[in-house]
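Residue numbers (our numbering), protein chains in the order written: chain A, 3 to 306; chain B, 436 to 680. Here the structure is laid out as structure tokens; the discussion comes afterwards.
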Ligand SMILES: Cc1cc2nc3c(=O)[nH]c(=O)nc-3n(C[C@H](O)[C@H](O)[C@H](O)COP(=O)(O)OP(=O)(O)OC[C@H]3O[C@@H](n4cnc5c(N)ncnc54)[C@H](O)[C@@H]3O)c2cc1C
Ligand SMILES: Cc1cc2nc3c(=O)[nH]c(=O)nc-3n(C[C@H](O)[C@H](O)[C@H](O)COP(=O)(O)O)c2cc1C
Ligand code: FES
């Protein structure tokens, strides 16, 4: 029997498969499509202190092997997420979830994290310091080691939950930022968020997206994401949650070899709503094919 | 929503750039105003199309599409016998229960979902008035089919058939009577209709990531808050929608 379970923050997850923030809503709607209780955990849509509508349409542009998005953190605000969305999710998903927090100012992050700290169904809080689609804050925190460190410190100080810092690939050296947030008390890092990209309309010659640029994600980014997980594993001791373009069970093995302790699946949920279920079902036989009895045992194998 | 592997039964040209595609093997009933999201080999994202016809007896679904870009161009090359992975039963349909004198309005490709709506309303025992607007007669399609199930009025921008002018001018000039309207077409048409009369239902379009509510790629503003075109829509109450200026 293949063992899919992994350990994160002292807790055992049945499997390492977690839908990524922003590609799974607040989770419960997917329970109409399959029994979501099979998922290792669920990462919630990026949440801010106040409600946000996000950016004007169009927010989506197709790319070969992926897409650009410029959603701009549409969400109902942390209080409603806790009082309404988390309640609805709890009814169909008894396991713990990962909250994802965005913001403009350090104070916004701190306050939002404080409020999520009170929610019993939250396992950990992921700090999105890498969103390329908001005018201020967002990625600005994640592209400088100094501001990433300051924000992480401020948030760790008030959080009763483990803090995962979600890193931006739009930097020269991602391991520098990883080291900085590890030093500031982060319990884990997750990577990668989307890569800044652009598509132009052939008819008008102008950007398709209302914000001009957007975040590139999907199958096409997998090699870049994998390289960054590999590079970060060398630099930090805290666990790494790997993501970016994962679409098969084999991709997950590669992420573990590179050093991931768990994985998140994003864009592929939008293309095939059943992808997480399909991967959870196929992972044991793919592990068997490669003579792997437990995922924990192959973590970081690429570095040995 | 269901992910179905459907067999293409027919893919025929209706006029120079509009095609009718029929699929077999649909397992769940589809409502008028709902849409499907068609997976195409070699394209990352699915393509959304309104349900133009559905038959429970034949398990068949028809969409009518215009070749617009690379994806629809590829679709036009598909042959009967090919298969496509289609997400069916997406979004909420039109609510026509209790309506006595409906006016159905289709502009351009918005005509496609209006056909299935007209058919359903006609089957319920009310022959609806259908107003179709095209730039020119040569862009029109399905006119004979509409005549069988509705009182058909046509408006064209260039006057090549029916009333010369847009659908709103046609409603006002001809004083078309109705208790509630149902419309699908270009945003500017829907916006003007909503401004003219809030008591109607309009079917909107947006560029979509998923088509089933997961990505927030298609959210519009409504008086009641966010509305995802793919989930709360594509049909909205006209008075609820907040259009961009
Ligand atoms: C709910 C809904 C129902 C629709 N019903 C119909 C219909 O019945 N008949 C019909 O002809 N068309 C319909 N459309 C529009 C149709 O989806 C687009 O024409 C089609 O996606 C264009 O694909 P393409 O690859 O040829 O164009 P490209 O421009 O090459 O496509 C690139 C990307 O942009 C998206 N895109 C481009 N134009 C549109 C558009 N107008 N709306 C949404 N996405 C777009 C594509 O889906 C794709 O992701 C509908 C759209 C929506 C949202
Ligand atoms: C539509 C969409 C919305 C997203 N929203 C968020 C978000 O709110 N917060 C966040 O941290 N990341 C967000 N992301 C980034 C993803 O969580 C993920 O990091 C990225 O897409 C790479 O993984 P993938 O290639 O598997 O999609 C979003 C991505 C997409 C495609
Ligand atoms: S297209 Fe993804 S939410 Fe509507």
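We put the beta carbon where it would ideally sit given N, CA and C, even for glycine.
Start-to-end residues for the beta strand (DSSP E) that takes in residue 126 of chain A: As a working note, residue 126 of chain A is residue 124 in the first chain. Here the beta strand (DSSP E) through residue 126 of chain A covers 124-130.
Taking only runs of the alpha helix (DSSP H) that begin and end inside the region 456-539 of chain B, which ones reach a length of at least 4 residues, in chain order? List check, alpha helix (DSSP H) in window: 505-510.
Three or more C-beta pairs closer than 8 Å, one from the region 665-678 of chain B and one from the region 628-640 of chain B: is that the case here? The answer is yes - the region 628-640 of chain B touches the region 665-678 of chain B, with three or more Cβ pairs under 8 Å.
Please specify which runs of the alpha helix (DSSP H), each continuous and at least 4 residues long, are wholly inside the region 203-231 of chain A, giving them in chain order. none
Report yes if the C-beta of residue 311 of chain A is less than 7 Å from at least one heavy atom of ligand 2; otherwise report no. With chain A represented from 3 up to 306, any question about residue 311 of chain A goes unanswered, as that position is not in the structure.
Boundaries (first-last residue) of the beta strand (DSSP E) holding residue 450 of chain B: Within the second chain, numbered from 1, the residue matching residue 450 of chain B stands at position 15. For residue 450 of chain B, the uninterrupted beta strand (DSSP E) run begins and ends at 437-450, by DSSP.
Using three-state DSSP, classify residue 77 of chain A as helix, strand or coil. Along the first chain, one-based indexing puts residue 77 of chain A at 75. In this structure, residue 77 of chain A counts as strand in the three-state DSSP scheme.
Taking contact to mean at least 3 C-beta pairs separated by less than 8 Å, is the region 461-473 of chain B in contact with the region 589-604 of chain B? no
Per the contact definition of three or more C-beta pairs closer than 8 Å, is the region 219-227 of chain A in contact with the region 236-250 of chain A? yes
In the structure shown, what three-state DSSP assignment does residue 145 of chain A receive? Stepping through the first chain from its first residue, residue 145 of chain A is reached at position 143. Note: residue 145 of chain A maps to coil in three-state DSSP.
If you measure from the beta carbon of residue 603 of chain B to each beta carbon in chain A, is any gap under 8 Å? Position 168 of the second chain, counted from the first residue, corresponds to residue 603 of chain B. Chain A, which has no Cβ nearer than 8 Å to the Cβ of residue 603 of chain B, makes this no.
Taking 8 Å as the threshold, find out whether the region 208-217 of chain A comes into contact with the region 50-62 of chain A through three or more Cβ pairs. By the criterion of at least three beta-carbon pairs nearer than 8 Å, the region 208-217 of chain A is in contact with the region 50-62 of chain A.
Classification of residue 582 of chain B by the beta-carbon crowding that lies within 10 angstroms, buried from 16 upward: Taking the first residue of the second chain as position 1, residue 582 of chain B is located at position 147. Exposed.
Can you have a look at residue 264 of chain A and say buried or exposed, based on whether 16 or more other CB atoms are within 10 angstroms of its CB? Here residue 264 of chain A corresponds to residue number 262 of the first chain, with the count starting at 1. The residue is buried, with at least 16 neighbouring Cβ atoms inside 10 Å.
According to DSSP, is residue 25 of chain A part of a helix, a strand, or is it coil? Residue 25 of chain A sits at position 23 when you count from the first residue of the first chain. Note: residue 25 of chain A maps to coil in three-state DSSP.
Flag this pair as yes or no: are the beta carbons of residue 558 of chain B and residue 497 of chain B separated by less than 8 Å? Taking the first residue of the second chain as position 1, residue 558 of chain B is located at position 123. Taking the first residue of the second chain as position 1, residue 497 of chain B is located at position 62. The answer is no: Cβ separation not under 8 Å.
For residue 63 of chain A, which beta-bridge partners are listed by DSSP? On the first chain, position 61 is the one that residue 63 of chain A refers to. According to DSSP, residue 63 of chain A bridges with A/70.
Taking three-plus beta-carbon pairs below 8 Å as touching, is the region 180-192 of chain A in contact with the region 154-161 of chain A? yes
How is residue 303 of chain A classed by DSSP in three states: helix, strand or coil? Looking up residue 303 of chain A in the first chain gives position 301. Helix at residue 303 of chain A.
Out of curiosity, what's the CA-to-CA distance linking residue 283 of chain A and residue 489 of chain B? Translated into the one-based positions of the first chain, residue 283 of chain A becomes position 281. Translated into the one-based positions of the second chain, residue 489 of chain B becomes position 54. Approximately 34 Å, taken between the alpha carbons.
Is the Cβ-Cβ distance between residue 679 of chain B and residue 576 of chain B less than 8 Å? Here residue 679 of chain B refers to the residue found at position 244 when the second chain is read from its first residue. Here residue 576 of chain B refers to the residue found at position 141 when the second chain is read from its first residue. No.
May I have the straight-line CA-CA distance separating residue 603 of chain B from residue 550 of chain B, to the nearest angstrom? Along the second chain, one-based indexing puts residue 603 of chain B at 168. Along the second chain, one-based indexing puts residue 550 of chain B at 115. About 19 Å.
Within 8 Å, do at least three Cβ pairs link the region 110-123 of chain A to the region 161-173 of chain A? yes
For residue 528 of chain B, which residues in the same chain have their Cβ closer than 7 Å to its Cβ, ignoring the five residues on either side in sequence? Here residue 528 of chain B is taken as the residue at index 93 of the second chain, counted from 1. 466, 467, 468, 469 and 670, listed in sequence order.
By Cβ distance below 6 Å, which residues in the same chain neighbour residue 483 of chain B in space, the five residues on each side in sequence not counted? On the second chain, residue 483 of chain B is found 48 positions in, with the first residue counted as 1. Only 470, 472, 643 and 646 meet the Cβ criterion.
Alpha carbon to alpha carbon, what distance is there between residue 216 of chain A and residue 261 of chain A? The residue you call residue 261 of chain A lines up with position 259 of the first chain. The residue you call residue 216 of chain A lines up with position 214 of the first chain. Taking the straight line from one Cα to the other gives about 28 Å.
When the Cα of residue 98 of chain A is compared with those of A/234, A/20 and A/193, which residue comes out closest? The residue labelled residue 98 of chain A in the question sits at position 96 within the first chain. Cα-wise, what sits closest to residue 98 of chain A is A/20.
Short of 6 Å in beta carbon distance, which residues of its chain neighbour residue 653 of chain B, apart from the five on each side in sequence? Order them along the chain. To locate residue 653 of chain B, count along the second chain from 1; it is residue 218. By the criterion of a C-beta distance shorter than 6 Å, residue 653 of chain B is surrounded in its chain by 641, 643, 663, 664 and 665, once the five residues flanking it on both sides are discounted.
Cα separation between residue 200 of chain A and residue 532 of chain B? Mapped onto the first chain, residue 200 of chain A falls at position 198. Mapped onto the second chain, residue 532 of chain B falls at position 97. So the two alpha carbons sit approximately 45 Å from each other.
Mind checking whether residue 36 of chain A and residue 235 of chain A have CB atoms under 8 Å apart? Looking up residue 36 of chain A in the first chain gives position 34. Looking up residue 235 of chain A in the first chain gives position 233. Cβ distance not < 8 Å, so residue 36 of chain A and residue 235 of chain A don't count as in contact.
Same chain only: Cβ atoms within 7 Å of residue 661 of chain B, ignoring 5 sequence neighbours per side: For the purposes of this step, residue 661 of chain B is taken as residue 226 along the second chain, with counting starting at 1. So the qualifying residues of the chain are 654.
Just how far apart, CA to CA, sit residue 543 of chain B and residue 278 of chain A? Residue mapping note: residue 543 of chain B aligns to position 108 of the second chain, counting from 1. Residue mapping note: residue 278 of chain A aligns to position 276 of the first chain, counting from 1. Approximately 39 Å, taken between the alpha carbons.
Could you tell me the distance, in whole angstroms, from the CA atom of residue 501 of chain B to the CA atom of residue 110 of chain A? For the purposes of this step, residue 501 of chain B is identified with residue 66 of the second chain, where counting begins at 1. For the purposes of this step, residue 110 of chain A is identified with residue 108 of the first chain, where counting begins at 1. Between residue 501 of chain B and residue 110 of chain A, the C-alpha separation is close to 47 Å.
Reducing DSSP to helix, strand and coil, say where residue 662 of chain B ends up. The residue given as residue 662 of chain B occupies position 227 in the second chain. When secondary structure is reduced to three states using DSSP, residue 662 of chain B falls in the strand class.
Continuous alpha helix (DSSP H) stretch holding residue 185 of chain A: start and end: Reading the first chain from its first residue, position 183 is the one you call residue 185 of chain A. Counting along the chain, the alpha helix (DSSP H) containing residue 185 of chain A begins and ends at 176-185.
CB residue 324 of chain A to CB residue 250 of chain A, shorter than 8 Å? The displayed coordinates of chain A run from 3 to 306. Any statement about residue 324 of chain A would go beyond what the structure contains.
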